[in-house]
Amino acid sequence: MNIINARLRGQPSLYSLTVEQGCFSAIEPQSDTLTATPESDTISNTIDAQGNLLSAPFVEPHIHLDAVLTAGQPNWNQSGTLFEGIERWAERKPMLTAEDIEQRVLKTVQLLVENGVQYIRTHVDVTDPSLTALKTIAGLKEKLSKAVELQIVAFPQEGICSFPNGKQLMEQAVEHGADVIGGIPHFEYTREYGVESMHWVVALAKKHGLLVDVHCDEIDDEASRFLEVLATAALEQDMGERVTASHTTAMHSYNNAYCSKLFRLLKKSKINFVSCPTESIHLQGRFDTFPKRRGITRVKELREAGMNVCLAQDSIQDPWYTLGNGKLLRVLDAGLHICHMMGYRDLSTALDLITQNGAKTLQVEEQYGIEVGKPANFIILQGSDDLSVIQQQGEVLYSVRKGEVLVQREPAYLVKTATLS
Ligand code: FE2
Numbered sequence: 033m034n035i036i037n038a039r040l041r042g043q044p045s046l047y048s049l050t051v052e053q054g055c056f057s058a059i060e061p062q063s064d065t066l067t068a069t070p071e072s073d074t075i076s077n078t079i080d081a082q083g084n085l086l087s088a089p090f091v092e093p094h095i096h097l098d099a100v101l102t103a104g105q106p107n108w109n110q111s112g113t114l115f116e117g118i119e120r121w122a123e124r125k126p127m128l129t130a131e132d133i134e135q136r137v138l139k140t141v142q143l144l145v146e147n148g149v150q151y152i153r154t155h156v157d158v159t160d161p162s163l164t165a166l167k168t169i170a171g172l173k174e175k176l177s178k179a180v181e182l183q184i185v186a187f188p189q190e191g192i193c194s195f196p197n198g199k200q201l202m203e204q205a206v207e208h209g210a211d212v213i214g215g216i217p218h219f220e221y222t223r224e225y226g227v228e229s230m231h232w233v234v235a236l237a238k239k240h241g242l243l244v245d246v247h248c249d250e251i252d253d254e255a256s257r258f259l260e261v262l263a264t265a266a267l268e269q270d271m272g273e274r275v276t277a278s279h280t281t282a283m284h285s286y287n288n289a290y291c292s293k294l295f296r297l298l299k300k301s302k303i304n305f306v307s308c309p310t311e312s313i314h315l316q317g318r319f320d321t322f323p324k325r326r327g328i329t330r331v332k333e334l335r336e337a338g339m340n341v342c343l344a345q346d347s348i349q350d351p352w353y354t355l356g357n358g359k360l361l362r363v364l365d366a367g368l369h370i371c372h373m374m375g376y377r378d379l380s381t382a383l384d385l386i387t388q389n390g391a392k393t394l395q396v397e398e399q400y401g402i403e404v405g406k407p408a409n410f411i412i413l414q415g416s417d418d419l420s421v422i423q424q425q426g427e428v429l430y431s432v433r434k435g436e437v438l439v440q441r442e443p444a445y446l447v448k449t450a451t452l453s
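Quick look at the structure:
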């Protein structure tokens, strides 16, 4: 396969790329005009990027595939709050079957793939003695592998220490194929349970050689400070880069003096951060009158301090979030606004937040990126660079995995328009 007339991120000229046996074998600059045309003997196997941006695939580092596409079943969340979401989910949960989960997961992964995602980390609720969702999704991993790499987090929605047999269920989840150990310390009954759960989670992951991704301090409570516990455990267990703190929305409300002290530890620990801007702006701040807090972690400040931050969707049409369409560019657009990242430097490198930073969080960097020798996994986006892709909210024109075309799209075009000049 050859790709011609492609723009690469951060590069001014056009490039031609060659793919052999599923990997990039050559990446070379070409003349800076769209003159390259496919050789006649390779025309059927050539993608003409037409000056659009060729990027490494999108990474969705935080989604709940077990809950997707259940909004309104059986009842709609009328208030839109987290708490009504939990009530609506309690009504939907008894209706879960393997068939129901499989059908929704396949539909959603299809949607994500069509929108340029090739790496997914899904949290799956394991506070269910039957572990139906976990077993079902683990069983789909192989089938989905031609299109996406899927990581499964054993996610204790109702707590580890606060839920009957919580620890045993987490251990069983590992036996059934979980790749990542989750947690929810701010939801545990007591601070002591929260602290205990963090040390236990990191130790369990270390014992099995797994990763950690904790729903950490997803609350507006400025006194919710489990992030320091998680980061300390990661540092002391030498697990830093293998550990992720998701949400950390309480950090929005921490005082700056504490945050300054905290950042020293966070940097030392080398842990990763996932923020879900559309979900957090919607679910947090619900106990405020006016002014209302944004309730999103300090994405810009973490990034400027040299830490790894990526963005995620969290939900697609579930009891907590009725919208969502698989488009990470939409989440990125919202995140840039909410986090005050509208300066040129932030905008011109913004795709990092939904590409390589996510890859680092998932620890798939070795196989990820547009480099000779790496698997030919890439997408072609409408636009010539990060800024123009975000400005246009363009479509994913191609998604290619190991040299095989997964998605090819003809963008919509105007049939008729008013003449104004
Ligand atoms: Fe989540």
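Residue numbering for the sequence shown follows my numbering, starting at 33 and increasing by one per position.
Note that CB positions come from ideal geometry on N, CA and C, so glycine has one too.
- When C-alpha distances from P93 are compared across V396, I411, G405 and Q423, the shortest belongs to V396.
- For Q200, the enclosing alpha helix (DSSP H) has its first and last residue at G198 to E207.
- Among the bridge pairs identified by DSSP, S278 is matched with H247 and V306.
- With a threshold of 7 angstroms, the Cβ atom of H314 does not count as near the ligand FE2, since no heavy atom of the ligand is closer than that.
- Per DSSP, the unbroken alpha helix (DSSP H) holding L364 starts and ends at L360 to I370.
- Spanning the alpha carbons of R296 and V51 requires a straight line of approximately 43 angstroms.
- By the Cβ criterion, the stretch 178-190 is not in contact with the stretch 332-343, since fewer than three pairs of Cβ atoms, one from each stretch, lie closer than 8 angstroms.
- For E436, the beta-bridge partners assigned by DSSP are R433.
- For the ligand FE2, a non-hydrogen atom lies closer than 7 angstroms to the CB of S278.
- With a cut-off of 7 angstroms, the C-beta of D346 is classified as near the ligand FE2, since at least one heavy atom of the ligand falls inside that distance.
- Exclusion of the five residues before and after K238 leaves Q269 and M271 as the residues of its chain whose Cβ lies within less than 7 angstroms of its Cβ.
- The residue among T449, V306, H247 and G317 with its C-alpha nearest the C-alpha of L364 is V306.
- In terms of side-chain proximity, the C-beta atom of H218 is found no nearer than 7 angstroms to any non-hydrogen atom of the ligand FE2.
- Under the Cβ criterion (8 angstroms, minimum of three pairs), the stretch 361-380 does not count as touching the stretch 239-259.
- Contact annotation: the stretch 142-152 touches the stretch 432-447, with at least three C-beta pairs closer than 8 angstroms.
- Cβ-Cβ separation between I251 and H284: approximately 10 angstroms, too far for a contact (criterion under 8 angstroms).
- Shortest gap from the CB of H372 to any heavy atom of the ligand FE2: 7 angstroms or more.
- Here M230 has G215, P217, V246, F258, V261, L262 and A265 as same chain residues with Cβ atoms under 8 angstroms from its own Cβ, once five neighbours each way along the sequence are excluded.
- Of L166, L267, N77 and L86, the smallest CA-CA separation from K299 is found for L267.
- Rounded to whole angstroms, the Cβ separation of I133 and D98 is 6 angstroms, and the two are in contact under 8 angstroms.
- By the Cβ-count criterion, G198 is buried, with 16 or more other Cβ atoms from all chains shown falling within 10 Å of its own Cβ.
- A straight line joining the alpha-carbon of W121 with that of I79 spans about 45 angstroms.
- Counting only unbroken stretches of 4 or more residues, the alpha helix (DSSP H) elements lying wholly within the stretch 84-172 are 114-124 and 130-146, in sequence order.
- When C-alpha distances from N37 are compared across F195, Q62, C55 and T387, the shortest belongs to Q62.
- In terms of Cα proximity to Y221, the closest of Q189, Q316 and H240 is Q189.
- Contact between A103 and P351 holds: CB atoms are separated by about 6 angstroms, below the 8 angstroms threshold.
- Going by beta carbons, G83 and R41 fall outside the 8 angstroms limit.
- For A255, there is no enclosing alpha helix (DSSP H), since its DSSP letter is neither H nor E.
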